[in-house]
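Trainee: Residue numbers (the numbering used here), protein chains in the order written: chain A, 1 to 83; chain B, 84 to 166.
Protein chains: 2
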Amino acid sequence: MSQSRKMTCHIHLKKGVLDPQGVTIKQALENLGYDDVLEVRSSKVFTLTFREDTDGDLTLRAQEICRKLLANPVIEQFTVEEG
Amino acid sequence: MSQSRKMTCHIHLKKGVLDPQGVTIKQALENLGYDDVLEVRSSKVFTLTFREDTDGDLTLRAQEICRKLLANPVIEQFTVEEG
Numbered sequence: 001m002s003q004s005r006k007m008t009c010h011i012h013l014k015k016g017v018l019d020p021q022g023v024t025i026k027q028a029l030e031n032l033g034y035d036d037v038l039e040v041r042s043s044k045v046f047t048l049t050f051r052e053d054t055d056g057d058l059t060l061r062a063q064e065i066c067r068k069l070l071a072n073p074v075i076e077q078f079t080v081e082e083g
Numbered sequence: 084m085s086q087s088r089k090m091t092c093h094i095h096l097k098k099g100v101l102d103p104q105g106v107t108i109k110q111a112l113e114n115l116g117y118d119d120v121l122e123v124r125s126s127k128v129f130t131l132t133f134r135e136d137t138d139g140d141l142t143l144r145a146q147e148i149c150r151k152l153l154a155n156p157v158i159e160q161f162t163v164e165e166g
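(1) My parser needs the alpha helix (DSSP H) runs of 4 or more residues fully inside the region 107 to 151 of chain B; what are they?
(2) Give the DSSP-derived three-state secondary structure of LEU153(B) in the structure shown.
(3) Would you kindly work out how many angstroms separate the C-alpha atoms of GLN110(B) and GLY33(A), rounded to a whole number?
(4) To the nearest angstrom, how far is the alpha carbon of THR137(B) from that of LEU131(B)?
(5) With a threshold of 9 Å between beta-carbons, can ASP140(B) be considered close to chain A, or not?
(6) Looking only at its chain, what residues have a beta carbon closer than 7 Å to the beta carbon of GLN21(A), apart from the 5 residues adjacent to it on each side?
(7) Once you ignore the five residues that flank ALA71(A) on each side, which residues in its own chain have a CB closer than 6 Å to its CB?
(8) Using a Cβ-Cβ cut-off of 8 Å (strictly less than) and excluding sequence neighbours within five positions of VAL163(B), which residues of its own chain qualify?
(9) Can you pull the chain A residues whose beta carbon is under 8 Å from the beta carbon of PHE161(B), in chain order?
(10) So, using beta-carbon positions, are LYS97(B) and GLU159(B) closer together than 9 Å?
(11) Hey, how far is the Cα of VAL23(A) from the Cα of ASP102(B)?
(12) Would VAL45(A) pass as a contact of ILE25(A) if the rule is Cβ separation under 9 Å?
(13) At a CB-CB cut-off below 8 Å, which residues of chain B make contact with LYS14(A)?
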């Protein structure tokens, strides 16, 4: 049961949006000799632990939290999953 | 085939390590009225796209990249998966 009280929010940049962190890591990898890496994309994950007695659909609640706080709708997309 | 040329690296803080970003988000959620969230933990995901003709085991290669560049072994752990 406690497993189902956790929600995982994945936040990633929309396709086509420049990912400066990814570009920097790709360059660092090249400098380290990893020239077989073509692209690096970064994203963020937030795991929310809800109270056991939280009412309502946790997926909807987590999506609302992503929209209101975690994701920047201009450049980011999000997905939400249980656990 | 091109699917198998991507590796996803999940980097998360070790258990017990303070997550300032998570704490800040939890406080912000409280201020927004979401007092049913007990804890927020943040983590990072990097998707590496390898050249089609990369030799060797990509999982091992991605793990090496995590150890050498992406993860801080003192406070972070990582997992690697295909795709």
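Glycine included, every Cβ here is placed at the ideal spot set by N, Cα and C. Please read these numbers as outputs of a predicted model, since none were measured by experiment.
Mentor: Well, looking at it:
(1) 141 to 148
(2) Locating residue 153(B) in the second sequence gives position 70, where the first residue counts as 1. Here LEU153(B) sits in helix by DSSP.
(3) Here residue 110(B) is taken as the residue at index 27 of the second sequence, counted from 1. Here residue 33(A) is taken as the residue at index 33 of the first sequence, counted from 1. Rounded to the nearest angstrom, the two C-alpha atoms are 42 Å apart.
(4) Stepping through the second sequence from its first residue, residue 137(B) is reached at position 54. Stepping through the second sequence from its first residue, residue 131(B) is reached at position 48. Near 12 Å, if we compare the C-alpha coordinates of LEU131(B) and THR137(B).
(5) Translated into the one-based positions of the second sequence, residue 140(B) becomes position 57. So no, ASP140(B) is outside the interface.
(6) For the purposes of this step, residue 21(A) is taken as the residue at position 21 of the first sequence. SER42.
(7) Along the first sequence, one-based indexing puts residue 71(A) at 71. Same-chain partners within the cutoff: ILE11 and PHE78.
(8) Within the second sequence, numbered from 1, the residue matching residue 163(B) stands at position 80. Cβ neighbours of VAL163(B) beyond the five flanking positions: MET90, THR91, CYS92, HIS93, THR142, ALA145, GLN146 and CYS149.
(9) As a working mapping, residue 161(B) is identified with position 78 in the second sequence. Among the residues of chain A, none has a CB under 8 Å from the CB of PHE161(B); the nearest is roughly 13 Å distant.
(10) Looking up residue 97(B) in the second sequence gives position 14. Looking up residue 159(B) in the second sequence gives position 76. Yes, Cβ-Cβ distance for LYS97(B) and GLU159(B) is below 9 Å.
(11) Locating residue 23(A) in the first sequence gives position 23, where the first residue counts as 1. Locating residue 102(B) in the second sequence gives position 19, where the first residue counts as 1. Cα to Cα, VAL23(A) sits roughly 25 Å from ASP102(B).
(12) As a position in the first sequence, residue 45(A) is number 45, starting the count at 1. As a position in the first sequence, residue 25(A) is number 25, starting the count at 1. Cβ atoms of VAL45(A) and ILE25(A): not closer than 9 Å.
(13) On the first sequence, position 14 is the one that residue 14(A) refers to. At a beta-carbon threshold of 8 Å, none of the residues of chain B lie near LYS14(A); the nearest stands roughly 14 Å away.
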